[in-house]
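Participant: Protein chains in written order, with the numbering used here: chain A, 146 to 249; chain B, 18 to 93. Ideal Cβ positions, reconstructed from N, Cα and C, are used throughout, including at glycine. For clarity, every value in this text was computed on a predicted model and none was experimentally measured.
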């Protein structure tokens, strides 16, 4: 993949522990799946960085290559890809997400 | 940008022959589906790896022709 985009993604996930690559913003999600993950994080009172991939098509395609995952949203924690909407929802329902993200 | 329910089933079956597939067209628009897939190949794999196997079976259609496929993979 393009080195510049790769570097850009690595800089983003380096900077904040919890990063959500999403359609729209945490305030105004533009897709139901991005909304669902954003709401879960808000519900758990987790500080996260929302990255709106609709504003940058290179980033939108780049993040899919980076994680080898074809859909958005994508949640990262400490530079590691945790999953998309279905997996995050499942981890939330099982109480695993709380543990991973270390919520008190 | 749509994919028929039967096509999805065929693609998954081709890549994962033992798959037990239960799939629903959520909005009746051939674009928003929900699928439960049970197979031996998921055993011992992480959820990310399990879902990736299904996405691979769909030959790059996920995120393109197919907008939404909620997935629930089960180890058989």
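Which value, in whole angstroms, describes the spacing of the CA atoms of residue 233/A and residue 171/A?
Facilitator: 16 angstroms
Participant: Identify whether residue 263/A lies in helix, strand or coil by the three-state DSSP scheme.
Facilitator: With chain A covering only 146 through 249, there is no way to say anything about residue 263/A.
Participant: Which residue from 195/A, 201/A, 229/A and 149/A puts its Cα closest to that of residue 214/A?
Facilitator: Ranking 195/A, 201/A, 229/A and 149/A by Cα distance to residue 214/A puts 229/A first.
Participant: Run through the DSSP bridge pairs and tell me what residue 163/A is partnered with.
Facilitator: 222/A
Participant: Secondary structure at residue 51/B, three-state DSSP: helix, strand or coil?
Facilitator: strand
Participant: Between which two residues does the beta strand (DSSP E) containing residue 231/A stretch?
Facilitator: First-last for residue 231/A: 230-238, but that is the alpha helix (DSSP H), not the beta strand (DSSP E).
Participant: In chain B, which residues lie less than 7 angstroms from residue 215/A when you measure between Cβ atoms?
Facilitator: Using a Cβ-Cβ cut-off of 7 angstroms, residue 215/A is close to 72, 79 and 80 of chain B, given in chain order.
Participant: Report the rounded CA-to-CA distance for residue 192/A versus residue 67/B, giving the unit in angstroms.
Facilitator: If I take the Cα positions, the gap works out to 28 angstroms.
Participant: Bridge partners of residue 40/B, per DSSP?
Facilitator: 52/B
Participant: Between the Cα of residue 157/A and those of 225/A, 217/A, 241/A and 180/A, spot the shortest distance and give me the residue it belongs to.
Facilitator: 225/A
Participant: Quick one: what's residue 79/B bridged to in DSSP?
Facilitator: For residue 79/B, which the question treats as bridged, DSSP gives the partners 83/B.
Participant: Give a yes or no on whether 8 angstroms exceeds the smallest Cβ distance from residue 87/B to chain A.
Facilitator: yes
Participant: Among 84/B, 36/B, 91/B and 40/B, whose alpha-carbon lies nearest the alpha-carbon of residue 178/A?
Facilitator: The option with the nearest alpha carbon to residue 178/A is 84/B.
Participant: Which residues in chain A sit within 8 angstroms of residue 69/B, going by Cβ to Cβ distance?
Facilitator: 213 and 214
Participant: Suppose the cutoff is 7 angstroms on Cβ atoms and the five residues either side in sequence are ignored; what does the same chain contact list for residue 220/A look like?
Facilitator: 165, 182, 227, 228 and 233
Participant: So, with DSSP's three-state summary, where would you put residue 20/B?
Facilitator: For residue 20/B, the three-state secondary structure derived from DSSP is coil.
Participant: Can you find a CB in chain A that lies within less than 8 angstroms of the CB of residue 62/B?
Facilitator: no
Participant: What's the gap between the Cα of residue 37/B and the Cα of residue 89/B?
Facilitator: 12 angstroms
Participant: Which residue from 238/A, 201/A, 242/A and 245/A puts its Cα closest to that of residue 167/A?
Facilitator: Comparing Cα positions, the closest option is 201/A.
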